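S.K.: Under the working numbering, the first residue of the sequence shown is numbered 2, with each subsequent residue one higher.
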Amino acid sequence: MTRRLFGTLCGLVFLVNFGRVAFPPLVETLQTQFSVGPATIGVVTSLVWLGTAIPRIPVGYLLTRVSRSKVVLGSGTLLVVAAAFTASATSVLTLQIGAFGLGLASGAYFVSATPLVGELFPERVGRMVGIHGAASQVAAVVAAPVVVIILASYTWRETFWVLAAAAALVTLLLYAVSRDGSAGAGTGADRDFSAALGHWKLILTGILLIAPAGFVWQGLFNFLVSYMTQAKAFDAATASTMLTIVFAAGVPAFSLSGRLADKLPHVPYIFGLLVAFIGALVALTYAQGFVAVAVVVAVLGYVIHSLFPALDTFMLSSLPSDARGSAYAVFSGAALLLEANGSGAVGFLTEANYAFEAVFRTLAGGLAVFVAALAVLYAVNRLPGVDRTDPSSA
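#1: Check the C-beta distance from leucine 368 over to isoleucine 279 and give it rounded, since I have them as a contact under 8 Å.
#2: To the nearest angstrom, how far is it from the Cα of proline 59 to the Cα of alanine 293?
#3: Taking phenylalanine 291 as the reference, give the member of Gly302, Asp263, Asn342, Lys233 with the closest Cα.
#4: May I ask you to report which of helix, strand or coil DSSP gives phenylalanine 272?
#5: Check this for me: beta carbons of leucine 1 and alanine 40, under 7 Å apart or not?
#6: Is the number of C-beta pairs between the region 99-119 and the region 198-212 that are closer than 8 Å three or more?
#7: What is the DSSP secondary structure of lysine 202, reduced to helix, strand or coil?
#8: Can you give me the C-alpha to C-alpha distance between valine 118 and arginine 5, rounded to a whole angstrom?
#9: Could you tell me the alpha carbon to alpha carbon distance between leucine 10 and leucine 175, rounded to whole angstroms?
#10: Here's the rule I'm using: 16 or more other beta-carbon atoms within 10 Å means buried, otherwise exposed. How should valine 49 be labelled?
#11: Using a Cβ-Cβ cutoff of less than 7 Å, which residues in the same chain neighbour arginine 240 once the five nearest sequence positions on both sides are dropped?
#12: Is the distance from the Cβ of alanine 346 to the Cβ of glycine 259 below 7 Å?
#13: Which parts of the region 275-345 are runs of the beta strand (DSSP E), unbroken and 3 residues or longer, counting only runs that do not cross its ends?
#14: Among Leu170, Val22, Lys264, Phe216, whose alpha-carbon lies nearest the alpha-carbon of leucine 337?
#15: Span of the alpha helix (DSSP H) holding glycine 43?
#16: Report buried or exposed for alanine 281, applying the criterion of at least 16 other Cβ atoms within 10 angstroms of its Cβ.
#17: Apart from the five residues just before and just after threonine 245, which ones in its own chain have a Cβ nearer than 7 Å to its Cβ?
#18: So for threonine 91, helix, strand or coil by DSSP?
#19: I need the DSSP call for proline 146, collapsed to helix, strand or coil.
#20: Where does glycine 348 fall in DSSP's three states?
#21: Which one of Ile271, Gly77, Ala237 has the shortest CA to CA distance from alanine 153?
#22: For threonine 381, count neighbouring Cβ atoms within 10 angstroms of its own Cβ and tell me buried if that reaches 16, exposed if not.
#23: CA-CA distance, alanine 330 and tryptophan 201?
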């Protein structure tokens, strides 16, 4: 039963993440269908990630009262409804509501399912969480080609109708395999929300290390197809291929970076990844030709996806067990709230006739200054919540 439940969770996480990453390859199509500019569609993509961020803290509290398996079932049900609503959208407003709903479903899912996987395999937590995360990343890899295939014969709406149907099937299967209640209550003592407030300095540092880079990343990948067609003069199929490459590079990154984060000093490793991300972004703005762009995109995708498990390892290793769950929920929710605005910002700037190249170079420059400031604070041992003389926290 445990293996069947885990397999079903891997299927649902694939669909949950697919709902989040289906929008980037649809940016151009949605602009045409709804007769709007990139700023408006940028808001739509931002709403997906705002929806992902908003429920994390309240759902973390809900899990002290309701079993994790029930919350996962609820997130699957919400995914079905949100996907069907998005497919039926007849205006920008209804499209925005649908996108926000897809985000809510994903946020509720990840907060409840990740610790549930840990409960199912207490002796193999890292390995099984890694497999679960890889299943999510595969959705990001296949999203662009799947959308291209659907658009070749149907409309953009069929993307979300198929998602709704698949989510309904997997959610019913999840209910069938978990109805005996053996999935566990999931109300561990690590969700003391008052205790989480005592670690606000570490939470703040975690947010500072990931949110600015995440903001830039959101703006980049949500508009990557448009960027490739407009600035690099690629056709739509080639542009979608670049989106596939950037996510495919993340599949090995999750596993390898998690292992490196266990062996290397956490904060210096994170700084190294941030510098590499900035360098790859700047290089992308100068790269020309399919091969050069593909190589840079692959490096960029590997680096940014390496950053996420590195941050998770740093936070989860630094937080005490009695407040780990609640503090992590606060950290991830607050960081995503800031990151989600990246695509909206890029959309507004490009609609204001700023070139993609100029926008991304400016963002890279701003991020470089911010990372340099954090590095100075770390060098003088003034980074909040981090003692660089203590190997366990540095």
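Even for Gly, the Cβ is constructed at its ideal location relative to N, Cα and C. Predicted model, so just to flag it, every value in this text is computed and none were measured.
M.R.: From the atom records:
#1: Your numbering for residue 368 matches position 367 in the sequence shown. Your numbering for residue 279 matches position 278 in the sequence shown. Between the beta-carbon of leucine 368 and that of isoleucine 279 there is about 6 Å, and that keeps the pair under the 8 Å contact cut.
#2: As a first step, residue 59 must be located in the sequence shown, where it is residue number 58. As a first step, residue 293 must be located in the sequence shown, where it is residue number 292. Going from the Cα of proline 59 to the Cα of alanine 293 covers about 44 Å.
#3: In the sequence shown, the residue the question calls residue 291 occupies position 290. For phenylalanine 291, the nearest C-alpha among the options comes from Lys233.
#4: Here residue 272 is taken as the residue at index 271 of the sequence shown, counted from 1. Helix at phenylalanine 272.
#5: The chain is shown from 2 up to 395; residue 1 falls before or after that span and cannot be answered.
#6: Contact between the region 99-119 and the region 198-212 is not established, with fewer than three Cβ pairs separated by less than 8 Å.
#7: Locating residue 202 in the sequence shown gives position 201, where the first residue counts as 1. In the three-state reduction of the DSSP assignment, lysine 202 falls in the helix class.
#8: Translated into positions along the sequence shown, residue 118 becomes position 117. Translated into positions along the sequence shown, residue 5 becomes position 4. Roughly 12 Å between the two C-alpha positions.
#9: As a working mapping, residue 10 is identified with position 9 in the sequence shown. As a working mapping, residue 175 is identified with position 174 in the sequence shown. Distance between the alpha carbons of leucine 10 and leucine 175 is about 7 Å.
#10: Here residue 49 corresponds to residue number 48 of the sequence shown, with the count starting at 1. A residue is called buried when at least 16 other Cβ atoms come within 10 angstroms of its Cβ; valine 49 meets this threshold and is buried.
#11: One-based indexing of the sequence shown puts residue 240 at position 239. First, the amino acid is wrong: residue 240 is alanine here, not arginine. These residues qualify, in order along the chain: Val226, Met229, Thr230.
#12: For the purposes of this step, residue 346 is taken as the residue at position 345 of the sequence shown. For the purposes of this step, residue 259 is taken as the residue at position 258 of the sequence shown. No.
#13: Fully enclosed beta strand (DSSP E) runs of 3 or longer: not present.
#14: Mapped onto the sequence shown, residue 337 falls at position 336. Nearest of Leu170, Val22, Lys264, Phe216 to leucine 337, Cα basis: Phe216.
#15: Position 42 of the sequence shown holds residue 43. For glycine 43, the enclosing alpha helix (DSSP H) stretches over residues 39-54.
#16: As a working note, residue 281 is residue 280 in the sequence shown. Buried.
#17: Here residue 245 refers to the residue found at position 244 when the sequence shown is read from its first residue. Sequence-distant partners of threonine 245 (beyond 5 residues in either direction) whose C-beta falls short of 7 Å from its own C-beta, in its chain, are Val142, Ala145, Pro146.
#18: Position 90 of the sequence shown, counted from the first residue, corresponds to residue 91. Judged by DSSP in its simplified three-state form, threonine 91 adopts coil rather than helix or strand.
#19: Here the question's residue 146 lines up with position 145 in the sequence shown. Reduced to three states, the DSSP call for proline 146 is helix.
#20: The residue given as residue 348 occupies position 347 in the sequence shown. The answer is helix: DSSP assigns glycine 348 an H, G or I state.
#21: By one-based count along the sequence shown, residue 153 stands at place 152. Minimum Cα distance to alanine 153 is reached at Ala237.
#22: As a first step, residue 381 must be located in the sequence shown, where it is residue number 380. For clarity, residue 381 is valine in the given sequence; the question names threonine instead. By the neighbour-count definition (other C-beta atoms within 10 Å, threshold 16), valine 381 is an exposed residue.
#23: In the sequence shown, the residue the question calls residue 330 occupies position 329. In the sequence shown, the residue the question calls residue 201 occupies position 200. One C-alpha to the other measures close to 12 Å.
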